[in-house]
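Have a look at the structure below before the remarks.
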Amino acid sequence: MAVVGNAKYQIGQVVRHRIYPFRGVIFDVDPAFNNTEEWYQSIPEDVRPSKEQPFYHLLAENAETEYIAYVSEQNLMPDESDEPLRHSQVSELFEDLQDGVFRFRFLQEH
Numbered sequence: 495m496a497v498v499g500n501a502k503y504q505i506g507q508v509v510r511h512r513i514y515p516f517r518g519v520i521f522d523v524d525p526a527f528n529n530t531e532e533w534y535q536s537i538p539e540d541v542r543p544s545k546e547q548p549f550y551h552l553l554a555e556n557a558e559t560e561y562i563a564y565v566s567e568q569n570l571m572p573d574e575s576d577e578p579l580r581h582s583q584v585s586e587l588f589e590d591l592q593d594g595v596f597r598f599r600f601l602q603e604h
């Protein structure tokens, strides 16, 4: 299991946002906030998370589109819906979904 430091979630895990209607699979974890200050300040102050927690990079999707999301640990929860993910990059990075966690596809360099 690829767990970073004290991160609650792992790479390959399918998660859902606590507030906003999107879900996705984790493909990278930062032990603490590692994005621009401009990005951080764009979050409304009343819901702005602490920087001192893991942040997750997700192959995310909502009803309309697919995208990359950067989400604080406090705003994630496990997704237990077992609904398939349609994000086009999921199959490029992962294989074998088991118990809500994808196995990282090992890429070979040519």
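Sequential numbering from 495 applies to the sequence shown in the numbering used here. Every residue, glycine too, gets a C-beta built ideally from N, C-alpha and C.
- The C-alpha of N556 is placed about 18 Å away from the C-alpha of S585.
- Taking the C-beta atoms as reference points, P538 is found no nearer than 8 Å to E567.
- Counted as a single uninterrupted DSSP element, the beta strand (DSSP E) harbouring Q592 occupies residues F588 to Q592.
- With a contact defined as Cβ atoms closer than 8 Å, L579 and V519 qualify at about 6 Å.
- Leaving aside the five residues that flank M571 on each side, the residues in its chain whose CB is nearer than 6 Å to its CB run, in chain order, R510 and R512.
- When DSSP states are grouped into helix, strand and coil, Y564 belongs to the strand group.
- For Q547, the secondary structure class from DSSP, reduced to helix, strand or coil, is coil.
- I520 is bridged by DSSP to L552.
- In the structure shown, the three-state DSSP call for Q535 is helix.
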